[in-house]
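This report refers to the structure that appears directly beneath it.
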Amino acid sequence: MKIKFLGGAEEVGRLGILLESEDSKFQIDYGVIPEKPPMFPLPPEDIDGLFITHSHLDHIGAMPIYYQGGGVEVFATEMTANTTRPMLNDSVKVTALEGYVERFNRDDIEKMYTLMNIAQYGRKIEYMDSEITPYSAGHIPGSTMWKFVNSQELMVTGDLYTRDSKLLSGAKPQKAENLIVESTYAGKNHEDREEVRKRLRERVGEVVEHGGKVIIPSFAMGRLQELVMSLADLPYRIATDGMGNLITSIYLNTPGYLRSEKEFRKAVGKIKEIRGRKMREHLDNIDVIISTSGMLDGGPVLSYIEKYVNDPKSAIFMTGYQAENTNGRSLMEKGTINISGMEVKPEMQVEFFDMSAHAGHDDLVRFIKDCSPNNVILCHGENREALLEDLANYNVILPYNGKEFTI
Ligand SMILES: [Zn+2]
Ligand SMILES: [Zn+2]
């Protein structure tokens, strides 16, 4: 089998993996690096099938390019299919707003849906020369590890989380001779999730009891809903805003993916959804606001921060990875953010809570061992070498974008 990365080999983002056997050529994911402007992967190739691991833009953001003129059969879980459309439509909107070159439009996105095949966890698909089975990757609802069996056996994890969270059960290892695995957190372990949640709940309480507002910038998909589940039972008035509200309604209407739909529904029932400018301006009866964008680069969250920017009683709680050249990274490193072209230093309290949905170093090593592969191909990481020592018993391959290799 020949393997080539169109992106995402030695970097976090724009993943695209080509798997070529004698009789088929498949691709897993085709994403962007969601910077300003977004960075695209290498150009599309002539393929027989496209498999989506999950609906974050670094895995899907370039996919509609395949549907300009031609098209190819695409495979995803129902949850991934349902959440991919609003994410891509939003990226078309942002591209127009920011004045970037348009690489695809809404028609291309819709064309993709005419060739969509819905897959179910654990249920084998027979397609061309391969038997293909999707398994939960534990990263966000619908996220998938794809296992391909033809003359070779290979599994691609996509983004991976192996522990149970409030929202999802962790990924279970699967036996595979060849394993392509993400390595975002190579060399780093996370603080215990339960401890993080406890600290977050305590700090929310302290800020609100002292008369401040808590603003939590959050990714729309997965993170916002986990925050809702982590905080909803507190005796404070919590509200959500931005695209996360739409994703929440998709989660509620796509059964079979969450750890407990009942618990999720209960939590969502306790919070308020902010819709429209009028509600946004009347925050007297709200204590905690969870809103996009997670990296503070647009979305309603900036207007909330602007409102409380000079209030030292209020707080900004960050919970996610902050990419370079984003407001979020600037806030974490320099304490400043850019609002409407002005560099501002908020007087609010700023704190970080690690709620990552990527497996930490030790969990990655354990997961890889439990899959008992011969070849381990590390991707989607900037520090992949940090895993080499712990994987000394395996044939480890560190691929680079555009460089084909054979297993
Ligand atoms: Zn992801
Ligand atoms: Zn990713």
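Going from the sequence shown to the working numbering is simple: count from 1 and add 296.
In this text, a Cβ means the ideal position worked out from N, Cα and C, and glycines have one as well.
CA-to-CA, the gap between arginine 573 and valine 646 works out to about 26 Å.
Ranking Ile534, Met591, Val584 and Lys558 by CA distance to the CA of lysine 566 puts Ile534 first.
Taking 8 Å as the upper bound for CB-CB distance, methionine 539 and aspartate 386 are in contact here, some 6 Å apart.
Residues His506, Gly507 and Gly508 of the same chain have their beta carbon placed closer than 6 Å to that of lysine 609, with the five preceding and five following residues left out of the count. Taken in chain order, the complete beta strand (DSSP E) segments of 3 residues or longer contained in the stretch 556-614 are 584-587 and 611-614. Straight-line measurement puts the Cα of lysine 494 at about 31 Å from the Cα of arginine 680. Spanning the alpha carbons of isoleucine 361 and lysine 407 requires a straight line of approximately 10 Å. A straight line joining the alpha-carbon of aspartate 537 with that of arginine 576 spans about 9 Å. Residue nearest to proline 551 within the set Pro382, Met651 and Asn378 is Asn378 (criterion: CA-CA distance).
Proximity of the beta carbon of aspartate 386 to ligand 1 is not indicated: no heavy atom of the ligand is located closer than 7 Å. Contact holds between the stretch 622-641 and the stretch 594-608, because three or more Cβ pairs, one in each stretch, are under 8 Å apart. Distance between glycine 501 and leucine 475, taken at the CA atoms: about 44 Å. Looking only at Gly637, Phe336, Ala372 and Ile436, the smallest Cα-Cα distance to tyrosine 396 is reached by Phe336. A distance criterion of 7 Å places the beta-carbon of leucine 311 in contact range of ligand 2, judged by its closest non-hydrogen atom.
DSSP places isoleucine 343 outside both helix and strand once states are collapsed to three, so it counts as coil. Contact between proline 642 and valine 692 is ruled out by a C-beta separation of about 44 Å, above the 8 Å threshold. The three-state reading of DSSP puts phenylalanine 400 in coil, since its state is none of H, G, I, E or B.
One alpha carbon belongs to lysine 468, the other to threonine 380, and they sit about 24 Å apart. In this structure, DSSP gives phenylalanine 701 an extended state, which the three-state scheme calls strand. Aspartate 488 has its CB no nearer than 7 Å to any heavy atom of ligand 2.
Taking 8 Å as the upper bound for CB-CB distance, isoleucine 436 and isoleucine 512 are not in contact here, some 17 Å apart.
Straight-line spacing of the CA atoms in alanine 433 and histidine 350 works out to 9 Å.
Assignment of valine 500 by DSSP, reduced to helix, strand and coil, places it in the helix class. With a contact defined as Cβ atoms closer than 8 Å, valine 584 and leucine 527 qualify at about 7 Å.
DSSP places valine 524 within a helical segment (H, G or I) once states are collapsed to three. Any heavy atom of ligand 2 counts here; residues with a Cβ closer than 6 Å to one of them, in chain order, are His352, Asp354, His355, Asp455 and His676. DSSP, read as helix, strand or coil, puts glutamate 374 in helix. Residue pairing for cysteine 675: DSSP places it in a beta bridge opposite Glu478. Excluding its 5 nearest sequence neighbours in each direction, valine 452 has C-beta neighbours in its own chain below 6 Å: Ile324, Trp442 and Ile476, listed in chain order. About 7 Å separates the beta carbon of isoleucine 299 from that of isoleucine 673, a gap short enough to meet the 8 Å contact definition.
Cβ atoms of threonine 632 and serine 514 stay farther apart than 8 Å, at about 21 Å. Put simply, the stretch 413-420 does not touch the stretch 390-404. Fewer than three CB pairs are less than 8 Å apart. Under the DSSP assignment, valine 445 falls in the beta strand (DSSP E) whose first and last residues are 440-445.
Spanning the alpha carbons of lysine 665 and glutamate 685 requires a straight line of approximately 13 Å.
Under the three-state reduction of DSSP, glutamate 491 is assigned to helix. At a Cβ-Cβ threshold of 8 Å, leucine 311 and histidine 676 count as neighbours.
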